[in-house]
Amino acid sequence: MIENFYQTLDTVFNAALGAVWGPPAFAVTWALAKIVMVLVPLILFVLYFQLIERWVIGWMQVRRGPNRVTFFGIKWLGGVAQPIADALKLLMKEQIVPTGASKLLFLLAPALSVAPAMAVWAVVPFMPGWVVANADAGLLVVLAMTSMGVYGVIIAGWASNSKYAFLGAMRSAAQVVSYEIAMGFALVGGLMAAQTLNLTQMVARQDGAYGLAEWFFIPLFPLFIIHFIAGVAETNRHPFDVAEGESEIVAGPLVEYSGMTWSLFFLAEYANMLLVATISTIMFLGGWLSPFPKAVPILGEPCILWMLAKMFALMLMFVWIRASFPRYRYDQIMRLGWKIFIPITIVWIVVVGVMMLDPVRNWFPFSIWFGK
Amino acid sequence: MTFQSIIFYIFAAVLVISALRVISAQNPVHAVLFLVLAFFTAAALWLLLYAEFLALTLILVYVGAVMVLFLFVVMMLDINFEKLREGFWKYLPVAATIATLMVVEMVLLITSKGFHLADQALPVAPVAVSNTKELGRILYTDYLLPFELSAVILVVAIVAAIALTLRPRKEARSQNVGDQVRVKASDRLKIIKMDAEKELPSVPMSTAAPAESKQS
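Encoded structure:
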């Protein structure tokens with residue numbers, strides 16, 4: 001049905017705009033439609049995940065979390081309308097640009113942090129074919145775009161013309177740049193195992209008769225863990241949130257922001273968290289593949305629900321970590337990144353190489369993942 | 373004029389303007405940001421040529437890492453812009469001569485007969501071949517030795533840069549991380565076993581009650 005629709009649209013555009021302008025106009029429209037289909041659920045998820053996060057942290061601390069704002073006065077739905085109320089509040093807030101701030105850059109910074117966080121989703125598949133752009137170098141796009149995210153924070157810190165903001169930006173940038181290396185190396189191990197940069201094919205590589213046992217998180221276990229922890233650090237989340245460390249430097253690079261500009265940073269942070277969860281899912285947890293063996297009826301089928309369930313489980317990990325651990329000291333963060341994670345990833349890349357060598361890959365446990 | 377060439381001209385215009393702003397911007401931080409924009413647009417132009425690996429590595433390495441450090445340094449330096457600008461008119465003639473010379477050389481090279489740029493057809497990229505994979509194959513087979521040599525040189529440069537700048541300062545205080553990691557809970561914390569409840573020596577009720585109320 002979708003194929004038919006696609007064909008009809010194509011001919012309509014060609015007829016209306018001619019052979020020269022028809023195809024590009026059609027391509028742009030089709031791409032825009034796909035972008036809307038990815039970004040709208042993403043933004044809604046960010047909006048509502050914030051509520052889920054507050055509820056979960058509340059439950060972990062033996063309190064109830066948001067439980068007042070509701071739709072139409074229905075009591076048992078208490079708290080469900082909270083994110084909408086929050087969003088409205090942020091929209092209404094006055095936008096303050098501090099005197100002495102570099103105004104253009106100050107307003108550009110939130111856009112610079114949101115744009116890469118949204119752009120990455122172009123290459124992220126949710127099912128075979130359910131992707132805006134099935135790029136050959138998908139993983140490289142992910143790495144390139146996430147590395148762009150630092151600019152928003154640095155420029156925000158500098159343009160605010162405030163010492164707290166600037167110190168926060170320095171901390172944040174150093175931390176993000178350091179953990180990017182560990183994260184990149186963890187992904188290198190993954191792409192060695194998958195032998196492709198294309199994210200759809202990466203999942204296809206983990207397909208097999210045994211279900212869960214075929215996924216790459218087993219042979220690449222250290223890389224899986226490091227990728228996730230580096231992801232927590234890279235998104236400046238607790239326990240690595242020294243950039244915002246409200247007890248030391250109030251709110252770091254975001255201290256001068258209010259209302260909509262602040263919520264854009266917030267949106268970028270949550271979109272990046274979801275991206276880390278998604279890349280972990282695709283690379284190590286078999287994406288949309290079922291954990292059950294192929295032989296099991298219905299449950300063994302690949303489905304987008306598996307993908308969403310895995311992503312959501314990893315997102316909950318972010319929340320559990322946030323509610324459980326005290327904040328790291330800055331030098332401990334740096335030590336963890338440079339002296340522990342990077343050596344482990346480098347060693348494990350060599351181990352993966354050995355597991356994939358010709359005689360070894362055909363031996364029993366390794367043949368499950370690398371013998372195909 | 374195709375759709376692609378329109379995109380090309382847009383990106384090319386952005387690239388030229390941002391490159392000009394790099395040298396003409398008043399504030400060095402703005403100049404660095406324009407350089408970032410220039411790199412990013414250059415990567416977009418490479419993408420138009422189907423060189424996706426080069427384009428994405430340009431963003432990953434230059435925009436994502438090198439320029440961040442650049443920005444870091446420029447933001448932290450306390451530069452006197454007036455002083456930097458002083459010699460501009462004095463040096464302009466020499467700079468202009470060199471720039472003109474370079475432009476003339478480039479034009480000569482591109483239009484020369486040996487270069488054959490105009491009459492060569494653009495190579496058509498095969499659809500099924502992955503740009504990244506081919507580049508990797510060539511790099512790790514035909515050019516393995518130069519590749520590894522450059523890797524060794526880079527490592528030496530990294531080690532040398534650290535060795536040249538790292539000197540222990542006497543007044544600086546720091547944690548001894550090794551000691552901190554080696555600490556065990558038993559060194560810091562002593563757990564004493566004791567009963568949760570203790571039976572008081574039996575005292576007649578009438579005398580004990582007033583004594584307690586006095587204490588509180």
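So the protein sequences, as listed, match chains A and B. Residues 1 to 372, numbered by our numbering, are exactly what the first sequence covers, in order. Residues 373 to 588, numbered by our numbering, are exactly what the second sequence covers, in order. Built from N, CA and C at the ideal position, the CB exists for glycine as well. Keep in mind that this is a model prediction, so the values were computed, not measured.
8 Å contact criterion, which residue i and residue j should meet: CB distance rounded
i	j	result
residue 289 of chain A	residue 206 of chain A	6 Å
residue 137 of chain A	residue 506 of chain B	In fact, because the Cβ distance is near 12 Å, the residues do not count as touching under 8 Å.
residue 352 of chain A	residue 220 of chain A	7 Å
residue 344 of chain A	residue 222 of chain A	6 Å
residue 390 of chain B	residue 410 of chain B	4 Å
Proximity below 9 Å, CB of residue i to CB of residue j
i	j	result
residue 200 of chain A	residue 253 of chain A	no
residue 113 of chain A	residue 265 of chain A	yes
residue 256 of chain A	residue 162 of chain A	yes
residue 513 of chain B	residue 197 of chain A	no
residue 440 of chain B	residue 142 of chain A	no
residue 153 of chain A	residue 109 of chain A	yes
residue 127 of chain A	residue 291 of chain A	no
residue 148 of chain A	residue 122 of chain A	no
residue 13 of chain A	residue 26 of chain A	yes
residue 68 of chain A	residue 78 of chain A	yes
residue 380 of chain A	residue 51 of chain A	The structure shown does not extend to residue 380 of chain A, since chain A is modelled only from 1 to 372, so the question has no answer here.
residue 186 of chain A	residue 144 of chain A	no
residue 268 of chain A	residue 168 of chain A	no
residue 188 of chain A	residue 282 of chain A	no
residue 420 of chain B	residue 379 of chain B	yes
residue 293 of chain A	residue 286 of chain A	no
residue 429 of chain B	residue 140 of chain A	yes
residue 412 of chain B	residue 393 of chain B	no
residue 280 of chain A	residue 227 of chain A	yes
Reduced DSSP category for residue i - H, G, I as helix; E, B as strand; rest coil
i	result
residue 333 of chain A	helix
residue 317 of chain A	helix
residue 588 of chain B	In this prediction, residue 588 of chain B has a pLDDT of 47, which is less than 50 and means its spatial position is unreliable; what the coordinates show is noted afterwards. Note: residue 588 of chain B maps to coil in three-state DSSP.
residue 151 of chain A	helix
residue 104 of chain A	helix
residue 347 of chain A	helix
residue 361 of chain A	helix
residue 288 of chain A	coil
residue 566 of chain B	coil
residue 38 of chain A	helix
residue 325 of chain A	coil
residue 4 of chain A	helix
residue 74 of chain A	coil
residue 548 of chain B	coil
residue 208 of chain A	coil
residue 376 of chain A	No answer is possible for residue 376 of chain A: it lies beyond the span of chain A, which begins at 1 and ends at 372.
residue 53 of chain A	helix
residue 89 of chain A	helix
residue 294 of chain A	coil
residue 574 of chain B	coil
residue 224 of chain A	helix
Among the options, nearest to residue i - alpha-carbon criterion
i	options	result
residue 111 of chain A	A/165, A/194 and A/155	A/155
residue 322 of chain A	A/262, A/367 and A/232	A/232
residue 243 of chain A	A/228, A/333, A/185 and A/281	A/333
residue 190 of chain A	A/215, A/169, A/168 and A/166	A/215
residue 236 of chain A	A/335, A/328 and A/286	A/328
residue 431 of chain B	B/570, B/416 and B/442	B/416
residue 312 of chain A	A/134, A/273 and A/118	A/273
residue 314 of chain A	A/241, A/278 and A/286	A/278
residue 158 of chain A	B/444, B/420 and B/548	B/444
residue 70 of chain A	A/56, A/19, A/259 and A/85	A/85
residue 296 of chain A	A/41, A/212, A/47 and A/349	A/212
residue 319 of chain A	A/133, A/33 and A/55	A/55
residue 39 of chain A	A/131, A/263, A/348 and A/66	A/131
residue 23 of chain A	A/209, A/11 and A/117	A/11
residue 262 of chain A	A/308, A/160, A/293 and A/310	A/160
Where the alpha helix (DSSP H) through residue i begins and ends
i	result
residue 373 of chain A	No answer is possible for residue 373 of chain A: it lies beyond the span of chain A, which begins at 1 and ends at 372.
residue 377 of chain B	375–396
residue 171 of chain A	163–194
residue 367 of chain A	364–370
residue 558 of chain B	557–560
residue 238 of chain A	No alpha helix (DSSP H) contains residue 238 of chain A, which DSSP labels as neither H nor E.
residue 403 of chain A	One cannot answer for residue 403 of chain A here, as it falls past the ends of chain A, which runs 1 to 372.
residue 418 of chain B	400–420
residue 461 of chain B	460–483
residue 212 of chain A	Element bounds for residue 212 of chain A: n/a, residue is neither H nor E.
residue 508 of chain B	503–512
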